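Participant: Heads up: the sequence lines are chains A and B, in that order.
The first sequence begins at 47 in the numbering used here and counts up one residue at a time.
The second sequence begins at 3 in the numbering used here and counts up one residue at a time.
Ideal Cβ positions, reconstructed from N, Cα and C, are used throughout, including at glycine.
Because the structure is a prediction, the values reported are computed rather than measured.
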Amino acid sequence: MATMFERYGGFAAVSKVVMAFYDKVIDSDVIGGYFENVDMPAMIDHQTKFISQVMGGPASYTDDVLKRVHTPLKIDETAFKEMMALLRDTLEDFDMDNGDIEAILEEVRVRQPLVVHG
Amino acid sequence: MNLDNFNKVLLESVGVGLAILDATSLEILMGNRRFDEWFPDSIGSGKKVGEVLAEFEPEKLARKIEADKPYSFETSVHMKRRSISLAITCSRHTHGDTAVLIMECQNISKIKELEYMIESYSKMVEKQNRVLQKEKERVEKLLLNVMPKSVYQELKSFGVTTPQRYDDASMLMLDFVGFTDMAVAQDPAGLISELNDIFTAFDRIAEQFGCERIKTIGDAYMAVSGIPEPSPEHALNIARLAVLMLRYIKRRNSVHSQKWICRIGINSGPVIGSIVGVQKYVYDIFGPGVNLAARMEALSEPMEITLCEDMHKLIKNEFYFTERGEMEVKGFGTKKIYTLDGARGVIQMRSDDMIDNLPI
């Protein structure tokens with residue numbers, strides 16, 4: 047069976063979602079501050095690979111890497127929740143199937159312990 | 003020209019940032035809302051464009067205008083946590099006596115992001131290609147272990163190989179006396195490890211003489227010369243290989259507690275070389291000459307090299323022999339049998355050095 051990554055059109059499609067997602071993220075007063083002075087093209091590139099990975103595309107990041115890059119950022123649970131809400135919002139904007147949205151969010155949710163250290 | 007009206011109708015309605023500069027003083031005379039957002043407090047402030055945009059270079063502008071070309075550069079502005087990349091183009095326009103510069107600012111952030119991603123993915127693909135290439139080389143190396151290079155190339159190009167007949171070839175069969183008993187009586191793992199060392203040494207000697215190891219079956223070792231590349235010295239090379247293998251074993255026995263006793267049969271004759279199998283490739287040789295070499299090995303006394311008249315006539319001037327007389331060889335009738343005792347003169351190819359350098 048084709049993965050979500052393949053069904054939605056691979057990296058090209060995922061990158062559109064991720065760009066729209068970061069538009070919302072930067073506008074958010076809850077988590078926008080984390081992204082001040084961040085190299086956005088690099089950020090979007092990483093996130094595109096990550097979302098591709100949780101959608102069943104090629105894997106780029108191990109749990110160890112995710113933990114290592116997020117630990118110094120001291121991300122708290124509120125920020126994580128906000129991020130999840132914005133991601134859901136974005137995925138809905140792209141008219142993705144509800145089941146797929148839940149599946150992607152679940153994949154991200156299980157990685158919360160790697161990301162939240164606040 | 004009613005610039006106020008122009009300003010209202012056009013400038014405000016477009017998504018790009020637009021500004022009009024005095025062509026001489028480079029002051030920013032007016033701009034649309036987008037320009038004002040990106041460069042606040044610059045329109046009509048009397049500020050020159052260079053004070054607002056650090057990347058602006060008046061000399062370059064002058065050169066471009068001189069050549070009647072637009073002047074372009076890139077910059078970025080920071081707006082509420084966002085860094086926006088802008089592509090800016092200035093062009094000169096005149097209306098009667100008035101000369102102005104029109105400055106267009108396009109938001110190219112998304113393009114930058116995409117460029118970054120393309121770059122990143124092409125690196126990813128390159129990396130994967132390198133991994134694949136390495137894997138391919140590894141597979142190639144493995145295949146080259148089981149078949150001659152020219153056969154591998156044929157297989158790679160055509161997907162199949164045709165059996166080849168080689169009229170001038172020589173082969174060698176070696177096995178160890180009492181190996182089966184040795185293997186069960188003592189430490190089998192250690193014994194196999196020793197056998198592995200010995201076969202590895204044989205491979206290196208064979209390589210030196212342009213011979214190919216065809217296969218090993220248990221404790222038996224089979225090599226060939228003259229295929230797939232023909233060699234006028236195929237018989238001599240197999241004889242040299244046999245002499246040096248024996249010398250290597252003797253040297254090894256003088257140092258190790260485990261004594262290896264081998265028998266070697268050599269022969270010359272036409273063979274067919276071919277890949278056998280589809281999923282499991284084995285390159286093998288066939289022909290009566292191969293069987294005869296096996297018979298010679300069986301007739302051989304321990305630590306001797308045995309051959310018959312067929313091959314003897316090809317190498318009789320280069321080696322010493324002991325004639326063992328005529329014997330009945332199963333499937334081949336009566337043959338005159340010889341034992342090869344050694345080479346007349348020194349075997350070339352730094353043979354003694356080579357044996358010395360092999361791990362024993």
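Is the separation between the beta-carbon of arginine 36 of chain B and that of glycine 52 of chain B shorter than 8 Å?
Facilitator: If you number the second sequence from 1, residue 36 of chain B lands on position 34. If you number the second sequence from 1, residue 52 of chain B lands on position 50. Contact flag unset, no.
Participant: Can you list the residues of chain A that serine 122 of chain B reaches, using a CB-CB cut of under 7 Å?
Facilitator: Within the second sequence, numbered from 1, the residue matching residue 122 of chain B stands at position 120. The answer, in chain order, is Asp91.
Participant: How would you list, in chain order, the residues of chain B whose beta-carbon sits under 7 Å from the beta-carbon of proline 87 of chain A?
Facilitator: On the first sequence, position 41 is the one that residue 87 of chain A refers to. Within 7 Å Cβ-Cβ: Lys114, Glu115 and Tyr118.
Participant: If you draw a straight line from the alpha carbon of aspartate 143 of chain A to that of tyrosine 123 of chain B, how long is it in whole angstroms?
Facilitator: The residue labelled residue 143 of chain A in the question sits at position 97 within the first sequence. The residue labelled residue 123 of chain B in the question sits at position 121 within the second sequence. Going from the Cα of aspartate 143 of chain A to the Cα of tyrosine 123 of chain B covers about 27 Å.
Participant: What are the residues in the segment 57 to 75 of chain A lying within 7 Å of chain B by C-beta distance?
Facilitator: Answer set for the segment 57 to 75 of chain A: Phe57, Ser61, Met65 and Ile72.
Participant: When we look at the beta-carbon of asparagine 34 of chain B and count the other beta-carbons within 10 Å, is it buried (16 or more) or exposed?
Facilitator: Within the second sequence, the letter at position 32 stands for residue 34 of chain B. Classification for asparagine 34 of chain B: buried.
Participant: Is the Cβ-Cβ distance between aspartate 122 of chain A and leucine 160 of chain A less than 8 Å?
Facilitator: Numbered from 1 along the first sequence, position 76 holds the residue referred to as residue 122 of chain A. Numbered from 1 along the first sequence, position 114 holds the residue referred to as residue 160 of chain A. Their beta carbons are not under 8 Å apart, which means aspartate 122 of chain A does not touch leucine 160 of chain A by this criterion.
Participant: If you drop the 5 nearest sequence neighbours on each side, which residues of the same chain put their C-beta closer than 6 Å to that of lysine 50 of chain B?
Facilitator: Translated into the one-based positions of the second sequence, residue 50 of chain B becomes position 48. The answer, listed in chain order, is Leu28 and Glu29.
Participant: Between phenylalanine 140 of chain A and chain B, is any beta-carbon pair separated by less than 8 Å?
Facilitator: Counted from its first residue, the first sequence places residue 140 of chain A at position 94. Output row for phenylalanine 140 of chain A: interface = no.
Participant: If you reduce the DSSP assignment to three classes, tell me which class glutamate 231 of chain B lands in.
Facilitator: Position 229 of the second sequence holds residue 231 of chain B. If DSSP states are grouped into helix, strand and coil, glutamate 231 of chain B belongs with coil.
Participant: Find the residues of chain A that neighbour serine 85 of chain B, judging by a C-beta separation of less than 7 Å, and give them in chain order.
Facilitator: Counting from 1 along the second sequence, the entry for residue 85 of chain B is found at position 83. The answer, in chain order, is Met86.
Participant: Around the Cβ of glycine 228 of chain B, are there at least 16 other Cβ atoms within 10 angstroms (buried) or fewer (exposed)?
Facilitator: As a first step, residue 228 of chain B is located in the second sequence; it is residue number 226 there, counting from the start. Buried is the call here.
Participant: Can you round the beta-carbon distance between serine 170 of chain A and valine 60 of chain A to whole angstroms, since I take them to be within the 8 Å contact cut?
Facilitator: It is not possible to answer for residue 170 of chain A, since the shown part of chain A is limited to 47 through 164.
Participant: Could you give the first and the last residue of the continuous alpha helix (DSSP H) run that contains histidine 92 of chain A?
Facilitator: Sequence index remark: in the first sequence, residue 92 of chain A carries index 46 (1-based). 86 to 100 is the span of the alpha helix (DSSP H), which, as asked, contains histidine 92 of chain A.
Participant: Could you name the residues of the same chain whose beta carbon sits closer than 8 Å to that of proline 72 of chain B, not counting the 5 residues immediately before and after it, in chain order?
Facilitator: Within the second sequence, the letter at position 70 stands for residue 72 of chain B. Cβ neighbours of proline 72 of chain B beyond the five flanking positions: Lys66, Thr91, Cys92 and Ser93.
Participant: Given 8 Å as the limit, is there contact between the segment 125 to 141 of chain B and the segment 271 to 284 of chain B, that is, 3 or more CB pairs closer than that?
Facilitator: Cβ pair count under 8 Å is below three, so no.
Participant: Does the distance from the C-beta atom of glutamate 153 of chain A to that of valine 100 of chain A stay below 8 Å?
Facilitator: Taking the first sequence and counting its residues from 1, the one referred to as residue 153 of chain A is at position 107. Taking the first sequence and counting its residues from 1, the one referred to as residue 100 of chain A is at position 54. Yes. Within cutoff.
Participant: Cα separation between arginine 242 of chain B and phenylalanine 211 of chain B?
Facilitator: Here residue 242 of chain B refers to the residue found at position 240 when the second sequence is read from its first residue. Here residue 211 of chain B refers to the residue found at position 209 when the second sequence is read from its first residue. Distance between the alpha carbons of arginine 242 of chain B and phenylalanine 211 of chain B: 8 Å.
Participant: In whole angstroms, what is the alpha-carbon distance linking serine 259 of chain B and leucine 193 of chain B?
Facilitator: Residue mapping note: residue 259 of chain B aligns to position 257 of the second sequence, counting from 1. Residue mapping note: residue 193 of chain B aligns to position 191 of the second sequence, counting from 1. Taking the straight line from one Cα to the other gives about 12 Å.
Participant: Would glutamate 128 of chain A pass as an interface residue toward chain B - the criterion being a Cβ-Cβ separation below 8 Å?
Facilitator: On the first sequence, residue 128 of chain A is found 82 positions in, with the first residue counted as 1. No, glutamate 128 of chain A lies away from the interface with chain B (no Cβ there is under 8 Å from its Cβ).
Participant: If you follow the alpha helix (DSSP H) that alanine 296 of chain B is part of, which residue opens it and which one closes it?
Facilitator: Here residue 296 of chain B is taken as the residue at index 294 of the second sequence, counted from 1. Residues 290 to 301.
Participant: Just the Cα atoms here: how many angstroms apart are leucine 116 of chain B and valine 63 of chain A?
Facilitator: For the purposes of this step, residue 116 of chain B is identified with residue 114 of the second sequence, where counting begins at 1. For the purposes of this step, residue 63 of chain A is identified with residue 17 of the first sequence, where counting begins at 1. Spanning the two alpha carbons is a distance of roughly 13 Å.
Participant: May I ask you to report which of helix, strand or coil DSSP gives threonine 117 of chain A?
Facilitator: Taking the first residue of the first sequence as position 1, residue 117 of chain A is located at position 71. Helix at threonine 117 of chain A.
Participant: Taking the alpha-carbon positions, what's the serine 74 of chain B to alanine 89 of chain B distance?
Facilitator: By 1-based counting over the second sequence, the position of residue 74 of chain B is 72. By 1-based counting over the second sequence, the position of residue 89 of chain B is 87. Straight-line Cα distance between these residues: approximately 7 Å.
Participant: Considering serine 78 of chain B, what are the terminal residues of the alpha helix (DSSP H) in which it resides?
Facilitator: Mapped onto the second sequence, residue 78 of chain B falls at position 76. Unbroken run through serine 78 of chain B is the beta strand (DSSP E), 73 to 81; no alpha helix (DSSP H).
Participant: Leaving out five residues before and five after leucine 146 of chain B in sequence, what residues of the same chain have Cβ atoms less than 7 Å from its Cβ?
Facilitator: Here residue 146 of chain B refers to the residue found at position 144 when the second sequence is read from its first residue. Counting only Cβ-Cβ distances below 7 Å, and skipping sequence neighbours, we find Tyr154.
Participant: Given that glutamate 82 of chain A touches chain B, what residues does it touch there, using C-beta distances under 7 Å?
Facilitator: Against the first sequence, residue 82 of chain A aligns to sequence position 36. Under the 7 Å cutoff, chain B gives Arg83.
Participant: If alanine 222 of chain B and isoleucine 307 of chain B are in contact, beta carbons under 8 Å, what's the gap, nearest whole angstrom?
Facilitator: Numbered from its first residue, the second sequence carries residue 222 of chain B at position 220. Numbered from its first residue, the second sequence carries residue 307 of chain B at position 305. Between isoleucine 307 of chain B and alanine 222 of chain B the Cβ distance is about 15 Å, and since that is not below 8 Å, they are no contact.
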